[in-house]
Amino acid sequence: MFLRYVLCHNGKMAVTLQPKTNTEKIMNKTRTLLLAILLIGICCGISAKTLVVYYSYTNNVRTIVNELATQKDVDIVEIQPAEEGQDYAANNYALGTQLLNAIKAAPNDASSYPEIKQVSVDLTQYDDIIIATPLWWSQMAAPMQTFLFNNGAAMAGKNIWMIVSSASSSISGVVADAERLIPDGNFQGNQIWIKSSQVSQAASMLNSWLVETGQVSAINNQKMVMLSDPHVMAPGLLVSEGTAWTTYLSGQRKLVDYSQRLFDDMIVRIKRNLRPGLVLISGDLTKDGEQVSHQYVTSKLDELRAVGIQTLVIPGNHDRGSNSDAVYYDGESTTAATVATNEWFATQYANYGYGVSSEREGTTLTYACEPITGCCQGKRKEGDCHDAPSADATLRGC
Ligand SMILES: Cc1cc2nc3c(=O)[nH]c(=O)nc-3n(C[C@H](O)[C@H](O)[C@H](O)COP(=O)(O)O)c2cc1C
């Protein structure tokens, strides 16, 4: 496959794909056929959704599940104890221990299990269920045990996956509890254990687990996504609503008041649905070059990077230098926001094109690099192409 693209800021982008060999032509036809089968499958409701049932006391499992939902299309149900504000960790975990001891003493008696708030879920809608729970004293946290005691029979024949979090104890006791409470579940074996100290790495751990277990497709290094002009405005720039903000908005064509949410949504779609090897963003990343907006953008690009999706950016005319619209909006007044300079931009996007492996042209923001080893080589040119569109980049061998 030969791939050629022209990339510069402000939308001048053309891509051609030319299959070169008969094998590639046959592969293209096969892909079309598979796509048709997939679409028929979706229309006939063959692809059932996955349910995630989770309990979290100190938020680790909640954080993990929130991350999971950006990588896989799932419905989520949270289990909550009927009695709010309980301190399960007080007095050397006395209450937690007491709840578990009661279950251990009479595991077949419903009154042994702590009450939970009513859960409204139709389990018949799901073939795949992920149970996400903390470990307590090497067992499954008591509130999750209550849910499974009440619903385990209805999960017969379903594919059961488990995500378990503990400080350090091995999770085998939690898996054994699940097997006792869902006796006819179709357990999928490969459970994931995320220690409390590893929650910050949950994105990459979940991605590896989901790919290894066939729950999501691998990142496709032959796929590229191109974005332009997201004009992201960091939420902090709107200090308070008022005439300063509404006056600015009334003179705007750009959807800056939605830009952050649109960008967030795009990041999720790229992670969860598109899963390309490479994302190119051809400038005007931010509303008006505010450093806080750039920091927001890179925090989202970090999410892509955590699951192995590489992004390359170039700045647009709104991304650095002085700009009178780079301000904080506070009621009736505005105050200037710090904007990016060339060097600040290059440092901020070191992981997104301006790193040591790129060849930068002097102090400009034009660079050449090989984002995917052995697959793509390209050159991206900074600046605005309104007046002089030109062919700046070629990718070969993708
Ligand atoms: C009552 C109780 C008992 C716990 N027992 C253990 C234990 O035996 N071993 C362990 O490694 N962690 C233990 N932990 C720590 C949790 O498993 C761990 O912090 C987990 O990440 C918490 O998830 P959460 O924040 O979603 O509630 C216990 C926590 C509580 C509240």
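Throughout, the numbering used here is defined as the position within the sequence shown, counted from one, plus 1.
Even for Gly, the Cβ is constructed at its ideal location relative to N, Cα and C.
Query                                                                                                             : Result
Contacting residues, own chain, Cβ-Cβ under 7 angstroms from tryptophan 210 (five flanking each side not counted) : Ile193
Serine 294 CB to nearest heavy atom of ligand 1 below 7 angstroms                                                 : no
Per DSSP, the bridge partner or partners of methionine 227                                                        : Leu281
DSSP state of isoleucine 117 mapped onto helix, strand, coil                                                      : strand
Cutoff 8 angstroms; reference aspartate 266; Cβ partners in own chain excluding five residues on either side      : none
Proximity winner among Leu136, Ile161, Asn152, Ala143, relative to histidine 168 (alpha-carbon distances)         : Strictly speaking, residue 168 in this sequence is alanine, with histidine absent from that position. Minimum Cα distance to alanine 168 is reached at Leu136.
Which listed residue (Ser294, Thr244, Lys272) has its alpha carbon closest to that of tyrosine 330                : Thr244
3 or more residues per run - each beta strand (DSSP E) lying fully within the segment 171–244                     : 221–228, 239–241
Rounded Cβ spacing between lysine 288 and methionine 234 (contact assumed at less than 8 angstroms)               : 4 angstroms
Cβ separation of valine 226 and proline 277, assumed to be a contact under 8 angstroms, to the nearest whole Å    : 5 angstroms
Segment limits, beta strand (DSSP E) that includes lysine 50                                                      : 50–55
Of the residues Asp326, Ser166, Trp345, the one placed nearest threonine 336, counting alpha carbons only         : Asp326
Inter-residue spacing [alpha-carbon to alpha-carbon] between isoleucine 172 and asparagine 61                     : 15 angstroms
Exposure label - asparagine 67; buried when at least 16 CB within 10 Å                                            : exposed
7 angstroms Cβ shell around serine 358 - same chain, five flanking residues per side excluded                     : Cys370
Extent of the continuous alpha helix (DSSP H) to which leucine 136 belongs                                        : First-last for leucine 136: 127–137, but that is the beta strand (DSSP E), not the alpha helix (DSSP H).
Reference glutamate 304; option with closest CA among Ile220, Val269, Lys159                                      : Val269
Nearest-angstrom Cβ-Cβ length linking aspartate 129 and threonine 51, presumed shorter than 8 angstroms           : 4 angstroms
Sufficient close CB pairs (3 or more, under 8 angstroms) joining the segment 246–255 to the segment 309–318       : no
Bridge partner(s) assigned by DSSP for alanine 337                                                                : Val328
Top-ranked residue by Cα proximity to glutamine 1, from Asn151, Ala111, Ile132, Tyr127                            : Nothing about residue 1 can be read from this structure; the chain reaches only from 2 to 399.
Assigned exposure category for glycine 215 - 16 Cβ within 10 Å defines buried                                     : exposed
Classification of aspartate 320 by the beta-carbon crowding that lies within 10 angstroms, buried from 16 upward  : buried
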